[in-house]
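Chains as they are written, first to last, in the numbering used here: chain A, 153 to 559; chain B, 3 to 133. Note that beta-carbon positions come from the ideal geometry of N, C-alpha and C, so glycine has one too. Fair warning: this is a prediction, and the values are worked out from it, not measured in the lab.
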Amino acid sequence: MAFDKMKLRDIEVWDGNFAAAQALRQAQVDVVAAYPITPSTPIVEGYAKFLADGYIEGEFVMVESEHAAMSGCIGAAAAGGRVATATSSQGFALMVETLYQASGMRIPIVLNVVNRALAAPLNVNGDHSDMYLGRDSGWIQLDAYSPQEAYDLNFIAFKVSEDHDVRLPCMVHQDGFMTSHTAQGVHTLSDDVAYNFIGDYKPMNEMLDLDHPVTHGVQTEEDWHFEHKARQHNDLMTKVMPKIQTAFDDFEKLTGRKYNIVESYDMDDADVTVICMGTSVETAREVAKEMRVKGIKAGVVGIRVFRPFPFAEIKEALKNVKAIAVLDRSAPGGTPGAMFNEIAGALYNTDDRALLSGYIYGLGGRDLTKAHLVDLYTELQANVDAGKVTTPLQQFIGVRGPKLAFL
Amino acid sequence: MQNNGWDNFEIGAMLRSFDGEIKDIATTHQEDRNYSSSNSFTASVADWRIEKPIFNKDYCIDCQFCWIFCPDISIISRDKKMIGVDMDHCKGCGICVEVCPTNPKSLLMFPEQADEEVELAGWPEKDKEEK
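Next comes the structure, spelled out in structure tokens:
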């Protein structure tokens, strides 16, 4: 390999963006086609700098839009290279058309999505609107709550996405600014250890195999489209989770850092729990511990794998809990939050359906404070005591003006 | 292929051009290539055509203009000799007739149902230059 290796300290002080860029370097990504957008820009900028400085053997393709960025990634991946890029918000929205192409074509690509609100009003800060926009796109979606996890999950993403039984693209999400621009201590892997965890890229049906010419991205109509989508869905539903679990297990053996498809904190004896994603999980964990001192058996469930949705794991994580608050960090657009619906769908046919209520929070980067969560856990305990949901099913947290609640 | 279920075709919206490995495809004539059943070469688009070209080899000078210009690779030429038209893939656009430099032309467009022998027998005479 004709590039320099980088000596890293065991613990480096990195923000989420730099951690992701370092992971792309250590994965020796062959092609990054990218278009800059706040707050994800430093990831692809980082790759470009590592490339220019001789730490990567690859190609950086500057394109005219996010649509072109993902299109370039699809082409490069179909040609037979390891491919990644990054985006956020409006850029992600512009990519959506090509996201469906990538998954339908069974092309492995790692997309770092630094979660940011969707305009209007224009806003550069973090919420989960863009992440939710990708939920039907057929991609695997992993969620990092911290820079360490943004680093680690990139390796998981390459390993799972490129597996020949999977061959589906994978997003690694982190919260805009709260994770992407907040520097924390990150335990590093050496270049060799990191690269060997993923392994060499193994092409499949690559267009540059000139002895076996293939046409990628073909047209099918009512005669064959359904079979292709059925195969894609089947593989998402049956093949991906075991591969993710194996990758998590291997990663734990390598690093001691344990990831779970659904993360459970203080859930062994919890009566009340909050389900959320991103940086909110860490805040909720702190508040749950404090609630326990006050006598409320509080727990936290974090979604690590958002797609495919972990129905079985969610049921298992929530089986003895009495009241659940589902936190959706996205404007619900005239419906309960997406996560609320997912959790409700997963629990509806279980025997002990817990009391379920939904909360909309944190839009456009609005803080979710510990005080908010104390109130929330207190409401959940009141639901448990009353044996029914005592509040509206959908409440807004942290918005100015009269209390906003629906359903 | 018609009986394939969702679980027994290759993943991805992907089709193979040839059955098995190919070597040196650039120097292999179309009739000798092992095209797969999903390759468009194995499908006929003759019914797209309203008019068809008829080739009269008596006037052809093998200039290869038609071969170069045909957008559907439907002019069959071997060893720089014009042989005829691939009527499974010719869509009747008439470019070959347009670019044919002979007098009279060696390719002319006729209605799809026209009889080749009749039309060849009644081929136009050489245009006289006006003085």
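Tell me residue 20 of chain B's beta-bridge partners as DSSP assigns them. B/37
Can you list, in chain order, the residues of its chain whose CB lies under 7 Å from that of residue 76 of chain B, leaving out five sequence neighbours each side? Excluding residues within five positions, the ones whose Cβ falls inside 7 Å are 87, 88, 91, 92.
Among residues of its own chain, excluding the 5 on either side of residue 540 of chain A, which ones have a beta-carbon nearer than 8 Å to its beta-carbon? 507
Out of A/459, A/336, A/524, point me to the one whose CA is closest to residue 551 of chain A's CA. A/524
Give the residues from the region 6-21 of chain B that approach chain A closer than 9 Å (Cβ to any Cβ), ordered along the chain. 6, 7, 8, 9, 11, 12, 13, 14, 15, 16, 17, 18, 19, 20
Length of the line joining the Cα atoms of residue 300 of chain A and residue 536 of chain A: The straight-line gap from Cα to Cα measures roughly 36 Å.
Just verifying my parser: in three-state terms, what is the DSSP assignment at residue 79 of chain B? strand
Please list, in chain order, the residues of the region 22-52 of chain B that have any C-beta partner in chain A closer than 7 Å. 23, 24, 25
Any contact of the region 350-363 of chain A with the region 231-239 of chain A, i.e. 3+ C-beta pairs under 8 Å? yes
Where are the beta strand (DSSP E) runs, 3 residues long or more, that stay fully inside the region 80-112 of chain B, in chain order? 83-87
Assuming contact is defined by CB atoms lying nearer than 9 Å, are residue 456 of chain A and residue 282 of chain A in contact in what I supplied? no
Give me the Cβ distance between residue 413 of chain A and residue 484 of chain A, rounded to the nearest whole Å; I'm assuming they're in contact under 8 Å. Contact flag wrong, Cβ pair sits at about 25 Å.
Along chain B, in chain order, which residues have C-beta atoms closer than 8 Å to that of residue 372 of chain A? 15
Output yes or no for whether 9 Å exceeds the beta carbon distance between residue 256 of chain A and residue 381 of chain A. yes
State the DSSP-derived secondary structure class of residue 374 of chain A, mapped to helix, strand or coil. In this structure, residue 374 of chain A counts as coil in the three-state DSSP scheme.
Under 9 Å between C-beta atoms, does residue 261 of chain A make it to chain B? no
Identify the contact partners of residue 379 of chain A in chain B, using a Cβ-Cβ distance below 8 Å as the criterion. 6, 7, 8, 11
Going by C-alpha distance, which of A/166, A/530, A/510, A/517 is nearest residue 336 of chain A? A/166
State buried or exposed for residue 146 of chain A, treating a residue as buried only when at least 16 other CB atoms are found within 10 Å of its CB. Nothing about residue 146 of chain A can be reported from this structure: the residues present for chain A run from 153 to 559 only.
Shortest alpha-carbon distance to residue 431 of chain A belongs to which of A/333, A/475, A/374, A/504? A/333
What is the C-beta distance between residue 172 of chain A and residue 302 of chain A, in whole angstroms, given that I count them as a contact (C-beta under 8 Å)? 5 Å
When DSSP labels each residue in this structure, what does residue 54 of chain B get in the three-state scheme? strand
Name the DSSP beta bridge partners of residue 454 of chain A, please? A/415, A/428
Is the number of C-beta pairs between the region 211-224 of chain A and the region 301-318 of chain A that are closer than 8 Å three or more? no
If you draw a straight line from the C-alpha of residue 119 of chain B to the C-alpha of residue 20 of chain B, how long is it? 36 Å
Could you check whether residue 436 of chain A and residue 424 of chain A sit closer than 9 Å to each other, using their CB atoms as the reference points? no
Rounded to whole angstroms, how far is the Cβ of residue 418 of chain A from the Cβ of residue 444 of chain A, which I believe are closer than 8 Å? 7 Å
Considering only DSSP beta bridges, list what residue 69 of chain B is partnered with. Paired residues: none, contrary to the question.
Three-state class that DSSP yields for residue 118 of chain B in the structure shown: helix
Output, in chain order, the set of chain B residues within a Cβ distance shorter than 8 Å of residue 363 of chain A. 23, 24, 25
From B/31, B/36, B/32, residue whose alpha carbon lies closest to that of residue 22 of chain B: B/36
Does DSSP put residue 316 of chain A in a helix, a strand or coil? Note: residue 316 of chain A maps to coil in three-state DSSP.
Between residue 97 of chain B and residue 72 of chain B, which are expected to be in contact by the criterion C-beta below 8 Å, what is the C-beta distance as a whole number of angstroms? Confirmed, Cβ separation roughly 6 Å.
Alpha carbons only, please: which of A/351, A/329, A/556 is nearest the one belonging to residue 190 of chain A? A/329
DSSP-derived helix/strand/coil call for residue 439 of chain A: helix
Can you find at least 3 beta carbon pairs, one from the region 313-331 of chain A and one from the region 258-271 of chain A, that sit closer than 8 Å? yes
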